[in-house]
Amino acid sequence: MIGVPESGTPAAVGYAQGSGIPYGQGLMKNAYVGRTFIQPSQTIRQLGIRLKLNPLREVIRGKRLVVVDDSIVRGNTQRALVRMLREAGAAEVHVRIASPPVRWPCFYGIDFASPAELIANAVESDDEMLDAVRTAIGADSLGYISAEGMVAATQEPRSRLCCACFDGNYPIELPKETALGKNVVEHMLAATARETSSESSESVQAR
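In terms of the working numbering, the sequence shown opens at residue 2 and continues consecutively.
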């Protein structure tokens with residue numbers, strides 16, 4: 002059992018204690034690389050993943066690994082991670098996620114893009130989604146904690162938690178134009194800024 006540092010470490014420790022599977026540190030994190038899923042482009046995200054995590058071959062080689070992380074957003078981190086672990090000699094890689102599938106974008110400050118970019122949003126059926134994500138990231142198996150299990154682990158009532166990216170129920174009503182993703186709002190703001198700039202230029206020229 003290994004956790005993806007540092008986001009997956011607490012869940013990996015708890016999972017190891019509950020399952021009886023030995024816990025080990027199989028990945029070292031570069032402290033100077035931030036969260037990769039919020040980087041602005043896929044090229045930078047992919048590069049960031051390789052810079053961020055270094056597999057410990059002595060720990061990984063020949064082992065059947067259970068790898069625990071906090072979430073899967075686009076799937077870039079897990080896809081690259083599974084590949085790195087296999088290159089480091091892992092016999093099998095089983096991925097476990099300490100949150101439900103992320104199916105909806107966040108409009109409250111976390112850089113989730115439109116629903117189309119979220120890897121778990123491609124299919125509606127839970128069984129089909131699970132197999133599709135597992136295949137996409139190249140894992141031998143994949144499992145998510147349930148929404149009920151995640152809420153129970155926080156020891157807080159669900160009414161005090163925002164679960165919008167998991168169930169689409171936003172605690173604060175959103176403008177209709179955000180229905181296709183927050184990028185729509187960003188494009189609208191950019192277009193408005195261009196129009197304002199153009200009108201200002203025309204006004205200056207008219208003078």
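Where a beta carbon is used, it is the ideal one built from N, C-alpha and C, also for glycine.
From a predicted model like this one, the values you see are computed outputs, not experimental measurements.
Nearest-angstrom Cβ-Cβ length linking M73 and I120, presumed shorter than 8 Å: The sequence given here places Ile at residue 73; Met does not occur at that position. So it is a contact: roughly 6 Å between Cβ atoms.
Beta-carbon proximity of A91 to I61, cut-off 8 Å: A91 places its beta carbon less than 8 Å from that of I61.
With 16 other Cβ atoms within 10 Å as the buried cut-off, status of A241: The structure shown does not extend to residue 241, since the chain spans only 2 to 208, so no value can be given for it.
Among G21, I3, E149, G144, the one whose alpha carbon lies nearest that of M29: Out of G21, I3, E149, G144, I3 has the C-alpha closest to the C-alpha of M29.
I146 (DSSP reduced to helix, strand or coil): Reduced to three states, the DSSP call for I146 is coil.
Three-state secondary structure (DSSP) of M2: coil
Helix, strand or coil at I98 according to DSSP, with G and I counted as helix: strand
Burial state of N31, where buried means 16 or more other Cβ atoms lie within 10 Å: exposed
Which residues DSSP lists as bridging L66, in chain order: V94
Reference V152, options D127, P101, Y171, N77, closest by Cα: P101
Proximity winner among V134, Y24, A89, A17, relative to L54 (alpha-carbon distances): A89
Nearest candidate by alpha-carbon position, reference A148, set E59, Q79, R159, D141: R159
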